[in-house]
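Undergrad: Here you go, one structure.
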Amino acid sequence: MQAIIELKNASVIVENGSEKKTILDDVSLKIFPLDFITIVGGNGAGKSTLFNVISGNLSLTTGEILILGKNMTKKSPQVRSKFISRVFQDPKMGTAPRMTVEENLSIAKLRGKKRTLKITSSKELQERFLTKAKAIGNGLDQRLNSPTGTLSGGQRQVLSLLMATLQKPELLLLDEHTAALDPKTSKTIMSLTDDVIKTEKITSLMITHQMDDALKFGNRLLVMKNGKIVRDLNSEEKTKMKLEDFYRIFE
Numbered sequence: 229m230q231a232i233i234e235l236k237n238a239s240v241i242v243e244n245g246s247e248k249k250t251i252l253d254d255v256s257l258k259i260f261p262l263d264f265i266t267i268v269g270g271n272g273a274g275k276s277t278l279f280n281v282i283s284g285n286l287s288l289t290t291g292e293i294l295i296l297g298k299n300m301t302k303k304s305p306q307v308r309s310k311f312i313s314r315v316f317q318d319p320k321m322g323t324a325p326r327m328t329v330e331e332n333l334s335i336a337k338l339r340g341k342k343r344t345l346k347i348t349s350s351k352e353l354q355e356r357f358l359t360k361a362k363a364i365g366n367g368l369d370q371r372l373n374s375p376t377g378t379l380s381g382g383q384r385q386v387l388s389l390l391m392a393t394l395q396k397p398e399l400l401l402l403d404e405h406t407a408a409l410d411p412k413t414s415k416t417i418m419s420l421t422d423d424v425i426k427t428e429k430i431t432s433l434m435i436t437h438q439m440d441d442a443l444k445f446g447n448r449l450l451v452m453k454n455g456k457i458v459r460d461l462n463s464e465e466k467t468k469m470k471l472e473d474f475y476r477i478f479e
């Protein structure tokens with residue numbers, strides 16, 4: 229089976245004055261179709277660096293990255309956006325606050341395609357947006373004509389998720405996308421995320437600091453430390469783990 233994304237001996241070294249620091253250390257990783265991989269690790273473990281390397285926002289010092297078997301190591305984030313979408317931790321990122329919900333969704337429909345200055349939305353698209361928004365059930369369907377900046381944090385994060393998956397990506401990056409939300413909203417968003425991933429059959433990679441979520445969701449679990457992947461657990465291995473076993477990995 230061909231990997232959606234493959235990293236080969238990927239390293240990122242940054243210079244701070246006279247010092248050099250390795251923030252991604254010889255990482256090799258294959259992400260296969262329908263993988264839902266959760267990633268955990270302490271601060272500075274390399275989680276965000278991994279995401280930035282995959283999305284093209286950070287260049288590799290050494291190594292390669294392949295998307296659907298093609299070498300994309302030197303390709304820009306714009307080129308990679310045809311294959312990859314991302315939901316950020318901050319609900320304000322990834323949306324245009326002065327544009328309406330519907331206008332933001334119309335832009336998302338053009339991900340990876342040539343865009344014009346004019347934002348248009350056909351009746352068919354409007355009905356599709358409304359159907360998806362109603363299915364979410366958090367009142368977003370009543371706010372399609374509202375400026376995105378007036379939404380609650382939860383509604384805005386739901387919108388970000390909807391935008392990221394409206395045009396099915398080859399890979400969805402979930403960058404601690406529930407971390408800025410209250411516990412109740414976070415639980416709702418995670419349930420919605422899991423449903424969208426399963427229903428739309430989307431290959432996904434999710435960073436989380438919630439150990440319960442890391443064990444509950446997905447079919448693989450990566451543990452990162454000092455820029456390396458130190459554990460890659462499959463579903464069976466995850467099922468056997470308890471939280472105390474999980475914390476022991478970090479000791």
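Heads up, the working numbering is the position in the sequence shown plus 228, with the first residue counted as 1. Glycine is no exception: its CB is placed at the ideal position from the N, C-alpha and C atoms.
1) Compare the beta carbon distance of Leu333 and Met391 with 8 angstroms and say whether it is the shorter of the two.
2) Contact between the region 372-379 and the region 392-400: three or more CB pairs below 8 angstroms?
3) Quick one: measure Cβ to Cβ for Pro375 and Pro305, integer angstroms, because I've assumed they're closer than 8 angstroms.
4) Could you give the distance in angstroms between the alpha-carbon of Lys320 and the alpha-carbon of Leu368?
5) Any idea what DSSP makes of Asn244, helix, strand or coil?
6) In the DSSP assignment, find the unbroken alpha helix (DSSP H) run with Arg476 in it and report its ends.
7) Once you ignore the five residues that flank His437 on each side, which residues in its own chain have a CB closer than 8 angstroms to its CB?
8) Does the Cβ-Cβ distance between Asn240 and Leu286 come in under 8 angstroms?
9) Is Ser432 buried or exposed, if buried means 16 or more other CB atoms sit within 10 Å of its CB?
10) So what does Leu450 bridge to, in DSSP terms?
11) Does the distance from the C-beta atom of Val315 to that of Leu389 stay below 8 angstroms?
12) With 16 other CB atoms within 10 Å as the buried threshold, where does Asn244 fall?
13) Using three-state DSSP, classify Arg314 as helix, strand or coil.
14) According to DSSP, is Asp253 helix, strand or coil?
15) Which one or two residues does DSSP pair with Asp403 in a beta bridge?
16) Locate the alpha helix (DSSP H) running through Ile417, then write down its first and last residues.
17) So what does Thr328 bridge to, in DSSP terms?
TA: With the structure as the only source:
1) Yes, Cβ-Cβ distance for Leu333 and Met391 is below 8 angstroms.
2) no
3) Not quite, the Cβ-Cβ distance comes to about 26 angstroms (not below 8 angstroms), so this is no contact.
4) 16 angstroms
5) strand
6) Leu471 to Ile477
7) Val268, Glu404 and Ala407
8) The sequence shown places Val at residue 240, rather than the Asn named in the question. Their beta carbons are under 8 angstroms apart, which means Val240 touches Leu286 by this criterion.
9) Classified as buried, Ser432 has 16 or more neighbouring CB atoms from the shown chains inside 10 Å of its CB.
10) Beta-bridge pairing links Leu450 to Ile267 and Asp460.
11) yes
12) exposed
13) strand
14) The answer is strand: DSSP assigns Asp253 an E or B state.
15) Ile435
16) Pro411 to Glu428
17) Pro375
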